[in-house]
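Below: one structure, written as structure tokens.
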Amino acid sequence: MRKLCISFSILFLLLGASFPAAAETAKIKHLVSVYVDGDGKKLQYPEGVACQGDSFLVADTGNSRILRYSYKNSTLAAEGQFPLENGYPIVIQVNSKGEIYYLDGKERRIGRFGAAGEPKGFMKFTGLPETETVMLRSFRIDGENNLYLLDIFSERVVRVNSEGQFMESIPLPENYGFFSDLALDQRGKVFLVDSINAAVYAQNEQGDGFVLLGKNMKEYMNFPTGISIDRAGQIFLTDQFGSGLILIGRDGSFLGRKIAMGWIDSLLFYPSQLCINGSDEIVIADRSNSRVQVFGLAE
Amino acid sequence: MPHTKYRHTLAFLLLAGTALLSAASPVRAEGKFKLQPGAHGKICLTCHVEFSEKMKKKFIHTPLTQGECSGCHNPHTSSHAKLMAAGTDSICYQCHDQLVPDQARSAHKVVQEGKCVSCHDPHSSDNPANLLEAGKKLCFGCHKELAARIEKNKFKHAPVEKDCLGCHTPHASADNDQLLKTDVKSLCLKCHQTDQASFKTRHLNYPVEKSRCTSCHDPHGSSQGAILYDNVHQPIVNKMCNQCHNEAQSAEPLGLKKNGFELCQGCHYEMMNKTLNKKRMHWPLLDKTGCINCHSPHASPVSGLLKKPMLPLCGSCHADTISRQERSQTPHPPVADGDCTACHSPHASDNLFFMNEASTVTVCGNCHDWQTHSTHPIGEKVLDPRNQNITLQCMSCHRTHGTEYKHFMYFPDTQTLCVQCHEKYRR
Numbered sequence: 001m002r003k004l005c006i007s008f009s010i011l012f013l014l015l016g017a018s019f020p021a022a023a024e025t026a027k028i029k030h031l032v033s034v035y036v037d038g039d040g041k042k043l044q045y046p047e048g049v050a051c052q053g054d055s056f057l058v059a060d061t062g063n064s065r066i067l068r069y070s071y072k073n074s075t076l077a078a079e080g081q082f083p084l085e086n087g088y089p090i091v092i093q094v095n096s097k098g099e100i101y102y103l104d105g106k107e108r109r110i111g112r113f114g115a116a117g118e119p120k121g122f123m124k125f126t127g128l129p130e131t132e133t134v135m136l137r138s139f140r141i142d143g144e145n146n147l148y149l150l151d152i153f154s155e156r157v158v159r160v161n162s163e164g165q166f167m168e169s170i171p172l173p174e175n176y177g178f179f180s181d182l183a184l185d186q187r188g189k190v191f192l193v194d195s196i197n198a199a200v201y202a203q204n205e206q207g208d209g210f211v212l213l214g215k216n217m218k219e220y221m222n223f224p225t226g227i228s229i230d231r232a233g234q235i236f237l238t239d240q241f242g243s244g245l246i247l248i249g250r251d252g253s254f255l256g257r258k259i260a261m262g263w264i265d266s267l268l269f270y271p272s273q274l275c276i277n278g279s280d281e282i283v284i285a286d287r288s289n290s291r292v293q294v295f296g297l298a299e
Numbered sequence: 300m301p302h303t304k305y306r307h308t309l310a311f312l313l314l315a316g317t318a319l320l321s322a323a324s325p326v327r328a329e330g331k332f333k334l335q336p337g338a339h340g341k342i343c344l345t346c347h348v349e350f351s352e353k354m355k356k357k358f359i360h361t362p363l364t365q366g367e368c369s370g371c372h373n374p375h376t377s378s379h380a381k382l383m384a385a386g387t388d389s390i391c392y393q394c395h396d397q398l399v400p401d402q403a404r405s406a407h408k409v410v411q412e413g414k415c416v417s418c419h420d421p422h423s424s425d426n427p428a429n430l431l432e433a434g435k436k437l438c439f440g441c442h443k444e445l446a447a448r449i450e451k452n453k454f455k456h457a458p459v460e461k462d463c464l465g466c467h468t469p470h471a472s473a474d475n476d477q478l479l480k481t482d483v484k485s486l487c488l489k490c491h492q493t494d495q496a497s498f499k500t501r502h503l504n505y506p507v508e509k510s511r512c513t514s515c516h517d518p519h520g521s522s523q524g525a526i527l528y529d530n531v532h533q534p535i536v537n538k539m540c541n542q543c544h545n546e547a548q549s550a551e552p553l554g555l556k557k558n559g560f561e562l563c564q565g566c567h568y569e570m571m572n573k574t575l576n577k578k579r580m581h582w583p584l585l586d587k588t589g590c591i592n593c594h595s596p597h598a599s600p601v602s603g604l605l606k607k608p609m610l611p612l613c614g615s616c617h618a619d620t621i622s623r624q625e626r627s628q629t630p631h632p633p634v635a636d637g638d639c640t641a642c643h644s645p646h647a648s649d650n651l652f653f654m655n656e657a658s659t660v661t662v663c664g665n666c667h668d669w670q671t672h673s674t675h676p677i678g679e680k681v682l683d684p685r686n687q688n689i690t691l692q693c694m695s696c697h698r699t700h701g702t703e704y705k706h707f708m709y710f711p712d713t714q715t716l717c718v719q720c721h722e723k724y725r726r
């Protein structure tokens, strides 16, 4: 019995120590940088990235187009591009069917491409409970292809299906600064990043609101604008004005700051959206460096 | 037995001696410094004769009236100037420890810093509370800019002419901003009768008594009628509150007809159309608060109806950017002067960082003219050796809001900066 107790204690200690330590000791390794499309044309101020299996999509904002790349066995390959006439894509997502959705920063509407790359125009939302203006700042797509819209005008996150039919509305919390982006974890829980207060909010247990996760982290970062969550629930933020990557624990605790400001590969200059794929690779739109960078997460 | 006799005599002498000493001590030594009899309250003045004049003033600091110089000074030695018994920033609090309530909403900076002598004479004064000057003259000694503005105002606010302490508390306010005695509304309503017909007529029958008066009126007076702030929104000038608010007789008269930019768009449609056609939005303009994130909807002391001067206004969200300038070894005049719009378009822009021009070289060239014809190669045709997707421009070497290094460079010295690209010169 005594031996059993000791064994359990050791196991408990090891497990307890390993979870937070894993994140704290996480190493970020630069894998590859994306500078050009398949024809050698340079990227210009890309703001959006979306991960899908071994592929990722890039909102090549300055060139009004969307690009697709694959990254497999350490090999990067350009797979195609989707031009947008006068478009200004700033956030991009892809659903399980391979359909591409992007937020146009100028139109402030969500445009679509079918799985075969055919343009499907801008989305229309139906059945919204209020007639107030919808002003989209960002959006995400869940595993069931529903869209979560960050509506800064009506101060809510709206869930619609893939055709834009209203499903639910979650009000934003009180006393926030400004929400720039949202993310979904593996269970579909919504997270928001408050750029002004450098804070992360999480959907509450009831699912009908948001609560501050941890505390204001202004001392650790300048102005986070992008958020993504890995399979383990660890939160990653791009600190746009601080040009860095911030790691936050599941409980909202600050775990570390990775990557510094700079111009050479592996450094960031005013990064924007980020995504994390199934292989724990982090893809970052390194906006003001006019490139996309892929990093590996190693513990 | 003779020993016993001696013992009794010795005990008697000891007791008598102790009694004599006990009786004599108040006569021989006064207080903790064992002053000579009768010296208490006088001995310091035998040397510090100039204090006889101070003692003639109307108001004398209580310890001094009791001759307790040693309440604040150590007569022998001290680690503080003027033989103070403690630091000047803390000694007053030894007695006056209740001046700043815990969790005070606002506190006077000099009080927080323990600079009590900025306002009070620690010995005596002809003004109540030992103040150095009477009334507003004392406050205006520091608040010079406000004093100058008040002096210039065409329309004066009577309480300001009298004394600042009509509205403000001098040390700290437990519940109110800006050292106000009570909240703004209660303070105004002490003098202004809101149930009078003239009050209602002047405010077009809107129930403004429930609002914050200082959103329109400058409590320190102004050069606008009704002491409105110097910059007044046109609908107010035109007495047309219902351009934005519901009718005065409606259920919610102070409610807005629309939210956010959609309300302002009704009049400012040209500006809004131009803004909404830009590629990059300053997003707060499009949230529920919209334009009034930055602008005062009624009146403002700042031009452009800004809520605050530009530096604190922009800094209320971009605190990190503004603080970088504060830490910067070299000030960048537009930032240091709070002229953010010298480089940025605050509503929207087609350019990164909401720059006024597509090229940062052009933006910088507006002030740094020499940069456009004689400089390190920069511009659209010069690729950055560190990253072939970007070109060399001013921000390649300088972080325009400042760094901890000279000339707001990214690196501590020129050599370190240059070898970022010119690697062969790296030592």
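Residue numbers (the numbering used here), protein chains in the order written: chain A, 1 to 299; chain B, 300 to 726.
The C-beta atom is built at its ideal place from N, Cα and C for all residues, glycine as well.
Model, not experiment: these values are computed from the prediction.
For residue i, count neighbouring C-beta atoms within 10 Å of its own C-beta (all shown protein chains included) and say buried if the count is 16 or more, exposed if not.
i, result
"residue 47 (chain A)", "buried"
"residue 669 (chain B)", "exposed"
"residue 397 (chain B)", "exposed"
"residue 394 (chain B)", "exposed"
"residue 602 (chain B)", "exposed"
"residue 113 (chain A)", "buried"
"residue 568 (chain B)", "exposed"
"residue 389 (chain B)", "exposed"
"residue 376 (chain B)", "exposed"
"residue 279 (chain A)", "exposed"
"residue 423 (chain B)", "buried"
"residue 238 (chain A)", "buried"
"residue 654 (chain B)", "buried"
"residue 15 (chain A)", "Here residue 15 (chain A) scores only 43 on pLDDT, less than 50, and its place in the model should not be relied on; the value that follows carries that caveat. Residue 15 (chain A) is exposed by the Cβ-count criterion."
Please state if the CB of residue j and the CB of residue i are separated by a distance shorter than 8 Å.
i, j, result
"residue 34 (chain A)", "residue 292 (chain A)", "yes"
"residue 463 (chain B)", "residue 438 (chain B)", "yes"
"residue 696 (chain B)", "residue 704 (chain B)", "no"
"residue 71 (chain A)", "residue 60 (chain A)", "no"
"residue 252 (chain A)", "residue 200 (chain A)", "yes"
"residue 348 (chain A)", "residue 127 (chain A)", "The requested residue 348 (chain A) is not part of the displayed model; chain A covers only 1 to 299."
"residue 156 (chain A)", "residue 170 (chain A)", "yes"
"residue 263 (chain A)", "residue 541 (chain B)", "no"
"residue 56 (chain A)", "residue 93 (chain A)", "no"
"residue 119 (chain A)", "residue 103 (chain A)", "no"
"residue 679 (chain B)", "residue 661 (chain B)", "no"
"residue 259 (chain A)", "residue 220 (chain A)", "no"
"residue 544 (chain B)", "residue 555 (chain B)", "yes"
Output the distance between the C-alpha atoms of residue i and residue j, rounded to the nearest integer angstrom.
i, j, result
"residue 324 (chain B)", "residue 400 (chain B)", "Residue confidence is low: residue 324 (chain B) scores 44 on pLDDT, short of 50, so the model does not pin down where it sits. No coordinate-derived value is stated."
"residue 461 (chain B)", "residue 435 (chain B)", "7 Å"
"residue 713 (chain B)", "residue 707 (chain B)", "11 Å"
"residue 516 (chain B)", "residue 598 (chain B)", "8 Å"
"residue 656 (chain B)", "residue 650 (chain B)", "7 Å"
"residue 510 (chain B)", "residue 484 (chain B)", "7 Å"
"residue 384 (chain B)", "residue 486 (chain B)", "41 Å"
"residue 147 (chain A)", "residue 164 (chain A)", "8 Å"
"residue 22 (chain A)", "residue 250 (chain A)", "Its pLDDT being 47, under 50, residue 22 (chain A) is placed unreliably in this model, and the coordinates cannot settle the point."
"residue 608 (chain B)", "residue 444 (chain B)", "15 Å"
"residue 236 (chain A)", "residue 82 (chain A)", "28 Å"
"residue 37 (chain A)", "residue 514 (chain B)", "54 Å"
"residue 96 (chain A)", "residue 667 (chain B)", "52 Å"
"residue 572 (chain B)", "residue 233 (chain A)", "42 Å"
"residue 321 (chain B)", "residue 428 (chain B)", "Low local confidence applies: a pLDDT of 46 at residue 321 (chain B) is under 50, so the model's placement there is unreliable, with the coordinate-based value given in what follows. Using only the alpha carbons, I get a separation of about 41 Å."
"residue 341 (chain B)", "residue 358 (chain B)", "19 Å"
"residue 494 (chain B)", "residue 646 (chain B)", "41 Å"
"residue 223 (chain A)", "residue 181 (chain A)", "12 Å"
For residue i, write down the residues that DSSP places opposite it in a beta bridge.
i, result
"residue 275 (chain A)", "A:283"
"residue 89 (chain A)", "A:104"
"residue 124 (chain A)", "None; residue 124 (chain A) has no bridge partner."
"residue 168 (chain A)", "A:159"
Any alpha helix (DSSP H) of 4 or more consecutive residues that is wholly inside the region 417 to 484 of chain B: Runs found: 435 to 439, 443 to 451 and 457 to 461.
Length at least 4, wholly inside the region 504 to 550 of chain B: the alpha helix (DSSP H) runs in chain order: The region 504 to 550 of chain B contains, as complete alpha helix (DSSP H) runs of 4+ residues, the segments 533 to 536 (chain order).
Whole alpha helix (DSSP H) elements within the region 557 to 620 of chain B, 4-residue minimum: DSSP runs (the alpha helix (DSSP H)) wholly in the region 557 to 620 of chain B: 559 to 563, 568 to 575 and 609 to 614.
Segments of 3+ residues assigned as beta strand (DSSP E) that fall wholly inside the region 176 to 246 of chain A: 179 to 184, 190 to 194, 199 to 203, 210 to 213, 224 to 229 and 235 to 239, all fully within the region 176 to 246 of chain A.
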